[in-house]
Amino acid sequence: MFTHTHGNESHATVDEVIRCEKLTKRFTDGNILAVDRLDLAVYRGEIFGLLGPNGAGKTTTVGMLTTLVIPTSGKAVVAGVDVVAQPALVKQMIGVVAQTNNLDRSLTVWENLYYHGRFFGMNGREARAAADESLVRFRLTERAKADVMAISGGMAKRLMVARALLHGPSVLFLDEPTAGLDPQARIALWEILDKLHANGQTILLTTHYMEEADSLCDRLAIMDHGRILAMDTPKSLKESVAADTIVTVSATGDLDALARLLQDRVEGATKSQRLDSTIQLHVKGTTGVLPKVVTAAEQGGYSITDLSIAEPTLDTVFISLTGKELRD
Amino acid sequence: MATASPSSVPLTRPIRSPGAATRIAFGALLLRDLTVLRKNLGMFVGRTIIQPFLLVFVFLFVFPKIGQGIGGGSGLAGESAFAAVLVSGVVGLSIMFQGIQAVALPLANEFGYTKEIEDRVLAPLPVALVAIGKVLAGAIQGLIAAAIVFPIAYAIHAKGVEVQLSVHWPLLITLIPLTSIMTSSLGLVLGTRIQPRNIGMMFGFIVLPITFLGGTYYPWETLAAIKVGGFPWLQALVCINPLIYVTEGFRAALTTTAHMPLYVIYPVLVGFCVLFLWLGVRGFYRRVLS
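Take a look at the structure:
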């Protein structure tokens, strides 16, 4: 691994790797407010997730933090460097894994790593050693001489992670790291990120998979329409729902009226929300919930077509914050 | 994991001064482009020589052989005079094509479909220098193209046709780099503005008119004969074509034929360089930053 010596230590910001203050991006093209006065702090060594649906502003936020999107207003500091004032300096400090395969197609797998190392100031010998070591570490050695278009999607993503880490960035950005990967490749990537985390690598990732956010992230910001709606650990976010059981009800008839009816009649109901074609009922501290729901609905003259029960998930949190589901 | 110790976790501080990081990254970007050139050397040589070879072959070998004389129809003497005109035109044209093929075509793809330029844009140097590095790598290919094409243009002709060249070295060694940078900058302008699906249109509406109205086959002065109401309209019109200054420049550098004055050629070429670099870097910014 490529390590660097350093001079005097500044303790003021040593633990804060990313800070955004009222960070805003309005695209003049279409006058879209993609990110709206975002406040955020990411600390050294944590995996921080931006969770939200497509169009929530996650990718734009990462774009601003990685110097590719220029903020309209507000401030962002990465590794102690202002991204607007000194973008070239910030680029020394970050590693970026884009959502799409942006490997250099004119180069082989090994060369993608080697030249990346050279861009970041390694000499030929250092870059060769770093590329070799990285291939071993990411189990790509057998494909070292392959064309990057000839390797699988999972391998391409691993190579992109390997490349982003080659120069030892202070923070690794991953935009929708497992989108489009098959389940096996997704799990393999999660394992890699877990190991990086265990080694103390600071990571910021965006995702619209709640399982990914839940299992990987130390802390999460839930985003929608360019704003952060809630920010906490996955556990605390789920506890914030103030329910231990979530009942999803499908029925015929006036669902809004049924939602009100269930909240009134079911013992322990803390919240009842109508979604497109279902009702979500939050219940706390009760056993035998399902018979109670069925009874209440039938007494009200409704016929239930489907019923399911689950613990609160991040999806539940998202629904209670926005009134819509995270999944498309 | 190979690096498990916490001490290997990088510190939250920049490692190199911006100037040092920029110098190193710029050199590495050039190294990357030259590696890609080396890997595709056969293709590079092929695409460099095919057009000049065909031009010279048809005009200086086939035409005299079949008696379809050109160059004023005065037999071998006329054809020899035309050969001198054409050789300088072909060298200029090859550099022009190289600029477009080495910069515009790869960039259009890297922006349009694959976004593979992103890793280079994220290298630790100002974005403008990534664009300028692209121009420099393209210009180096222009230099190589000139070196490959010149002997071909000089050597291929029918028996009896004399290619009478008189090389003015100071002109040649200043014009080749200048035109290489100018045409690579034009490549940057085109590459940052043209969508991959419109590349065919670029050849039809930009490259072909530049080629045919760029003085490859005729000296600029002779266009004065084409007039409407006493006004040499074509001679005036082609002045917007950057290639005309390139081919006229090489005519000055390689032949004794009449050519556009040098005090016009050099400032205009420098002017096109500045204009295209400015437009190209601006276009590059627009494509990679939002």
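So the protein sequences, as listed, match chains X and C.
Per the working numbering, the first sequence starts with residue 172, numbered consecutively.
Per the working numbering, the second sequence starts with residue 172, numbered consecutively.
Where a beta carbon is used, it is the ideal one built from N, C-alpha and C, also for glycine.
The structure presented is a predicted model; accordingly, all values stated were derived computationally and were not measured.
Nearest-angstrom beta carbon gap, residue j and residue i [assumed within contact, 8 Å]
{"i": "residue 264/X", "j": "residue 250/X", "result": "4 Å"}
{"i": "residue 333/X", "j": "residue 311/X", "result": "7 Å"}
{"i": "residue 187/X", "j": "residue 210/X", "result": "Incorrect: roughly 13 Å between the Cβ atoms, too far for contact."}
{"i": "residue 220/X", "j": "residue 388/X", "result": "4 Å"}
{"i": "residue 320/C", "j": "residue 415/C", "result": "Residue 320/C to residue 415/C, Cβ: 19 Å. No contact."}
{"i": "residue 485/X", "j": "residue 408/X", "result": "6 Å"}
{"i": "residue 208/X", "j": "residue 245/X", "result": "7 Å"}
{"i": "residue 294/C", "j": "residue 196/C", "result": "4 Å"}
{"i": "residue 436/X", "j": "residue 467/X", "result": "4 Å"}
{"i": "residue 218/X", "j": "residue 352/X", "result": "With 8 Å as the limit, residue 218/X and residue 352/X do not qualify as a contact, their Cβ atoms being about 18 Å apart."}
{"i": "residue 263/C", "j": "residue 439/C", "result": "Not a contact, Cβ separation roughly 14 Å."}
Residues near residue i in its chain [Cβ-Cβ closer than 8 Å; skip 5 each side]
{"i": "residue 277/C", "result": "362"}
{"i": "residue 492/X", "result": "393, 395, 400 and 401"}
{"i": "residue 404/C", "result": "397 and 398"}
{"i": "residue 176/X", "result": "Because residue 176/X sits at a pLDDT of 38, beneath the cut-off of 50, its placement in the model cannot be relied upon, and the following sentence gives the value as read from the coordinates. Cβ within range, chain order: n/a, list empty."}
{"i": "residue 384/X", "result": "220, 222, 378, 391, 405 and 485"}
{"i": "residue 330/X", "result": "274, 280, 283, 284, 309, 311, 319 and 322"}
Test item: CB-CB of residue i and residue j under 8 Å
{"i": "residue 412/X", "j": "residue 453/X", "result": "yes"}
{"i": "residue 197/X", "j": "residue 189/X", "result": "no"}
{"i": "residue 475/X", "j": "residue 451/X", "result": "no"}
{"i": "residue 444/C", "j": "residue 352/C", "result": "yes"}
{"i": "residue 463/X", "j": "residue 482/X", "result": "no"}
{"i": "residue 337/C", "j": "residue 193/C", "result": "no"}
{"i": "residue 271/C", "j": "residue 358/C", "result": "yes"}
{"i": "residue 187/C", "j": "residue 292/X", "result": "yes"}
{"i": "residue 337/X", "j": "residue 284/X", "result": "yes"}
{"i": "residue 355/C", "j": "residue 261/C", "result": "no"}
{"i": "residue 201/C", "j": "residue 304/C", "result": "yes"}
{"i": "residue 236/X", "j": "residue 255/X", "result": "no"}
{"i": "residue 223/C", "j": "residue 324/C", "result": "yes"}
{"i": "residue 377/C", "j": "residue 412/C", "result": "no"}
{"i": "residue 460/X", "j": "residue 416/X", "result": "yes"}
{"i": "residue 266/C", "j": "residue 345/C", "result": "no"}
Local Cβ density within 10 Å of residue i, reported as buried at 16 or more and exposed below that
{"i": "residue 226/C", "result": "buried"}
{"i": "residue 387/C", "result": "buried"}
{"i": "residue 391/C", "result": "buried"}
{"i": "residue 284/C", "result": "exposed"}
{"i": "residue 410/C", "result": "exposed"}
{"i": "residue 237/C", "result": "exposed"}
{"i": "residue 397/C", "result": "exposed"}
{"i": "residue 225/X", "result": "exposed"}
{"i": "residue 328/X", "result": "buried"}
{"i": "residue 374/C", "result": "exposed"}
{"i": "residue 311/C", "result": "buried"}
{"i": "residue 294/X", "result": "exposed"}
{"i": "residue 379/C", "result": "exposed"}
{"i": "residue 281/X", "result": "buried"}
{"i": "residue 480/X", "result": "exposed"}
{"i": "residue 440/X", "result": "buried"}
{"i": "residue 369/X", "result": "exposed"}
{"i": "residue 357/X", "result": "buried"}
{"i": "residue 262/X", "result": "buried"}
{"i": "residue 469/X", "result": "exposed"}
{"i": "residue 372/C", "result": "exposed"}
{"i": "residue 199/X", "result": "exposed"}
{"i": "residue 458/X", "result": "exposed"}
{"i": "residue 181/X", "result": "Only weak support is given to the placement of residue 181/X: the predicted model assigns it a pLDDT of 42, under 50, and the value that follows is read from those uncertain coordinates. Exposed, by the Cβ-count rule."}
Cut-off 6 Å between Cβ atoms - residues of its own chain near residue i, not counting five sequence neighbours on either side
{"i": "residue 322/X", "result": "314"}
{"i": "residue 515/X", "result": "Since the first and last residues shown for chain X are 172 and 499, residue 515/X lies out of range."}
{"i": "residue 269/C", "result": "312, 313 and 316"}
Proximal residues to residue i (C-beta, below 7 Å), its chain only, five neighbours per side dropped
{"i": "residue 494/X", "result": "444"}
{"i": "residue 360/C", "result": "447, 450, 451 and 454"}
{"i": "residue 371/X", "result": "216"}
{"i": "residue 404/X", "result": "389 and 390"}
{"i": "residue 367/C", "result": "279, 280, 283 and 284"}
{"i": "residue 259/C", "result": "418, 421, 422, 425 and 426"}
{"i": "residue 231/C", "result": "254, 257, 327, 328, 329 and 332"}
Near-chain C residues of the segment 215 to 237 of chain X - C-beta to any C-beta below 9 Å:
Within the segment 215 to 237 of chain X, 215, 216, 231, 234 and 237 place their CB atoms closer than 9 Å to a CB of chain C, listed in sequence order.
To be precise: take each residue of the segment 444 to 461 of chain C, compare its Cβ to all Cβ atoms of chain X, and keep it if any distance is under 9 Å. Which residues remain?
Taking 9 Å as the Cβ-Cβ cut-off against chain X, the residues of the segment 444 to 461 of chain C that qualify are 459, 460 and 461.
Residues of the segment 275 to 290 of chain C in Cβ contact with chain X at a cutoff of 7 Å, in chain order, please.
In summary, the residues of the segment 275 to 290 of chain C whose CB is separated from some CB of chain X by less than 7 Å are 285, 286, 287, 289 and 290, in the order they occur in the chain.
Within 9 Å of chain C by C-beta, residues of the segment 252 to 273 of chain X in sequence order
For the segment 252 to 273 of chain X, which is checked against every Cβ of chain C, the residues closer than 9 Å are 252, 257, 258, 259, 260, 261, 262, 263, 264, 265, 266, 267, 269, 271, 272 and 273.
Chain-ordered residues of the segment 206 to 221 of chain C with a beta carbon less than 9 Å from chain X:
Flagged, chain order: 206, 207, 210 and 211.
Going along the segment 348 to 373 of chain C in order, which residues come within less than 8 Å of chain X, judged by CB to CB distance?
Residues: none.
For the segment 240 to 251 of chain X, which residues have a CB atom closer than 8 Å to at least one CB atom of chain C, in sequence order?
Within the segment 240 to 251 of chain X, the qualifying residues are 240, 241, 250 and 251.
Given a limit of 9 Å on CB to CB distance, which residues of the segment 379 to 401 of chain C reach chain X?
Those residues of the segment 379 to 401 of chain C that come within reach of chain X (Cβ to Cβ, closer than 9 Å) do not exist; the list is empty.
The segment 320 to 346 of chain C: positions lying closer than 8 Å to chain X by Cβ:
Flagged: no residues at all.
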